[in-house]
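Engineer: This is the structure, below, for whatever I ask next.
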Amino acid sequence: MSDADGAWIGLFSGGKDSSWAVYQALEAGLSVERLVTVHPSEDSYMYHVPATDLASLAAESMGIELIDVDPGDLEADSVPDSSVQGDDELEPLEAALVDLDAELEGGIAGVTAGAVESEYQTNRIQGMCDRLDCELFAPLWQEDPRELVDAMLEAGFEIKIIQVAAQGLDESWLGRTLDHEAIADLKALNDEYGVHILGEGGEFETLVVDGPHMDQRLGLEYEREWEGTRGRVRITDARLE
Numbered sequence: 032m033s034d035a036d037g038a039w040i041g042l043f044s045g046g047k048d049s050s051w052a053v054y055q056a057l058e059a060g061l062s063v064e065r066l067v068t069v070h071p072s073e074d075s076y077m078y079h080v081p082a083t084d085l086a087s088l089a090a091e092s093m094g095i096e097l098i099d100v101d102p103g104d105l106e107a108d109s110v111p112d113s114s115v116q117g118d119d120e121l122e123p124l125e126a127a128l129v130d131l132d133a134e135l136e137g138g139i140a141g142v143t144a145g146a147v148e149s150e151y152q153t154n155r156i157q158g159m160c161d162r163l164d165c166e167l168f169a170p171l172w173q174e175d176p177r178e179l180v181d182a183m184l185e186a187g188f189e190i191k192i193i194q195v196a197a198q199g200l201d202e203s204w205l206g207r208t209l210d211h212e213a214i215a216d217l218k219a220l221n222d223e224y225g226v227h228i229l230g231e232g233g234e235f236e237t238l239v240v241d242g243p244h245m246d247q248r249l250g251l252e253y254e255r256e257w258e259g260t261r262g263r264v265r266i267t268d269a270r271l272e
């Protein structure tokens, strides 16, 4: 369906993992010509949920065109039949990639993904790439979490925590910068409660507000919303600075 000279597509939420995958692809010389953001339901198993609306600002800062995928906008007959694998959440994404494959010169060469440990996520994305006859670039897959987050900080990523849902993570974590001090605190919480240092189990979600792949920093204003054991930041204003 594609050739070696085709375009690379970044699966992109604005969070640290998908951002790192795109950054690593760019560093490897891959031609990332589009970013695709799926705006999922609140209880998605496949996608990073919070603040996906901010992905367009991040993409603008990166200088890469972003395609928004809203599952509710798709016509039933435009969706590939992958439901036999139980991949209902993947269908809107796959339909968007089929369209991009036809639109882009040379088709799609490959897709970047920020999966770290989730076999559920990775197996389904790999299956989709197999159906599209394109490559999967997943540079975080099964890498050491501490080494990954250290590499992100060393590269110059500025990462904000925008949602928490785990024992030991209280309201003070909302809006906190994921820096070396925060990582040390997460390591302690990992030892005590099993909190994953990258939030891989949904313990926390992030937004990359600056990095070497971005021309402008994302400036945010927000309020904290806390619900007793979990919470999120509600963005009231966002802009490129």
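Count along the sequence shown starting at 1, add 31, and that's the number in my numbering. Ideal Cβ placement from N, Cα and C applies to all residues, glycine included.
Taking only three categories from DSSP, how would you classify Ala127?
Structural biologist: Taking the first residue of the sequence shown as position 1, residue 127 is located at position 96. Helix.
Engineer: Between the alpha carbons of Val239 and Val129, how many angstroms are there, rounded?
Structural biologist: If you number the sequence shown from 1, residue 239 lands on position 208. If you number the sequence shown from 1, residue 129 lands on position 98. So the two alpha carbons sit approximately 28 angstroms from each other.
Engineer: With 16 other CB atoms within 10 Å as the buried threshold, where does Pro81 fall?
Structural biologist: Along the sequence shown, read from residue 1 onward, the residue named residue 81 stands at position 50. With a pLDDT of only 48 at Pro81, under the threshold of 50, the placement of this residue in the model should not be trusted; the figure read from the coordinates follows. When all chains shown are included, Pro81 counts as buried.
Engineer: Between the stretch 86–94 and the stretch 241–261, do at least 3 Cβ pairs fall closer than 8 angstroms?
Structural biologist: These segments touch.
Engineer: I'd like the list of long-range same chain contacts for Trp204, defined as Cβ closer than 6 angstroms, with 5 residues on each side in sequence excluded.
Structural biologist: Locating residue 204 in the sequence shown gives position 173, counting from the first residue. If we look at Trp204 and ignore the five residues flanking it on each side, its Cβ neighbours are Ile192 and Val195.
Engineer: Considering only residues of the same chain and omitting the five flanking positions on each side of Ala197, which have a CB-CB separation below 6 angstroms?
Structural biologist: Taking the sequence shown and counting its residues from 1, the one referred to as residue 197 is at position 166. Hits under 6 angstroms: Val226 and Glu234.
Engineer: Let me check one thing: in DSSP terms, what residues is Phe188 bridge-paired to?
Structural biologist: Along the sequence shown, one-based indexing puts residue 188 at 157. Partner(s): none; Phe188 has no beta bridge.
Engineer: If you run the structure through DSSP and keep just helix, strand and coil, what is Tyr253?
Structural biologist: Residue numbering aside, residue 253 sits at position 222 when the sequence shown is read from its first letter. It is a strand residue.
Engineer: Should His211 go down as buried or exposed, given a rule of 16 or more other Cβ atoms within 10 Å for buried?
Structural biologist: Within the sequence shown, residue 211 is the residue found at index 180, counting from 1. It counts as exposed.
Engineer: Using only the alpha-carbon positions, how far apart do Glu166 and Thr143 sit?
Structural biologist: As a position in the sequence shown, residue 166 is number 135, starting the count at 1. As a position in the sequence shown, residue 143 is number 112, starting the count at 1. Going by the C-alpha atoms only, they are around 9 angstroms apart.
Engineer: Rounded to whole angstroms, what's the CA-CA distance from Met77 to Gln152? Just pull it up for me.
Structural biologist: To locate residue 77, count along the sequence shown from 1; it is residue 46. To locate residue 152, count along the sequence shown from 1; it is residue 121. Per-residue confidence for Met77 stands at a pLDDT of 39, beneath the threshold of 50, marking its modelled position as unreliable; no derived number is given.
Engineer: Spatial neighbours of Gly117 within its chain, please: CB distance less than 8 angstroms, with the 5 preceding and 5 following residues excluded, ordered by chain position.
Structural biologist: Locating residue 117 in the sequence shown gives position 86, counting from the first residue. Residue placement at Gly117 is flagged as unreliable, the pLDDT there being 39, under the threshold of 50; a coordinate-derived value is accordingly withheld.
Engineer: For Asn221, which residues from the same chain have a beta carbon less than 8 angstroms from its beta carbon, with the 5 sequence-adjacent residues on both sides left out?
Structural biologist: The residue given as residue 221 occupies position 190 in the sequence shown. Excluding positions up to five away in sequence, the list reads His227 and Ile228.
Engineer: Apart from the five residues just before and just after Ile266, which ones in its own chain have a Cβ nearer than 7 angstroms to its Cβ?
Structural biologist: By 1-based counting over the sequence shown, the position of residue 266 is 235. So the list reads Ala82, Leu85, Leu251 and Tyr253, once near-sequence residues are dropped.
Engineer: Under 6 angstroms Cβ to Cβ from Ser109, same chain only, skipping five residues before and after it: list those, please.
Structural biologist: Residue 109 sits at position 78 when you count from the first residue of the sequence shown. Because Ser109 sits at a pLDDT of 42, beneath the cut-off of 50, its placement in the model cannot be relied upon, and the following sentence gives the value as read from the coordinates. Only Ala126 meet the Cβ criterion.
Engineer: Taking the beta carbon of Trp51 as the centre, do at least 16 other beta carbons fall within 10 Å, making it buried, or is it exposed?
Structural biologist: The residue labelled residue 51 in the question sits at position 20 within the sequence shown. Buried.
Engineer: Just to confirm the assignment: which complete alpha helix (DSSP H) runs, minimum length 4, are found wholly within the stretch 141–181?
Structural biologist: Segments of the alpha helix (DSSP H) lying fully in the stretch 141–181: 150–163.
Engineer: Which value, in whole angstroms, describes the spacing of the CA atoms of Phe43 and Leu88?
Structural biologist: Within the sequence shown, numbered from 1, the residue matching residue 43 stands at position 12. Within the sequence shown, numbered from 1, the residue matching residue 88 stands at position 57. Between Phe43 and Leu88, the C-alpha separation is close to 12 angstroms.
Engineer: In whole angstroms, what separates the C-alpha of Pro170 from that of Gly158?
Structural biologist: Sequence index remark: in the sequence shown, residue 170 carries index 139 (1-based). Sequence index remark: in the sequence shown, residue 158 carries index 127 (1-based). Looking at the two C-alpha atoms, the distance is approximately 17 angstroms.
Engineer: Taking the alpha carbon of Leu209 as the point to measure from, which residue in Tyr224, Glu223, Gly232 and Arg177 has its own alpha carbon closest?
Structural biologist: Reading the sequence shown from its first residue, position 178 is the one you call residue 209. For the residues Tyr224, Glu223, Gly232 and Arg177, the minimum Cα distance to Leu209 belongs to Arg177.
Engineer: Run through DSSP, which three-state label would Ala59 get?
Structural biologist: Your numbering for residue 59 matches position 28 in the sequence shown. Coil.
Engineer: Please report the distance separating the alpha-carbon of Gly145 from that of Trp172.
Structural biologist: In the sequence shown, the residue the question calls residue 145 occupies position 114. In the sequence shown, the residue the question calls residue 172 occupies position 141. Going by the C-alpha atoms only, they are around 7 angstroms apart.
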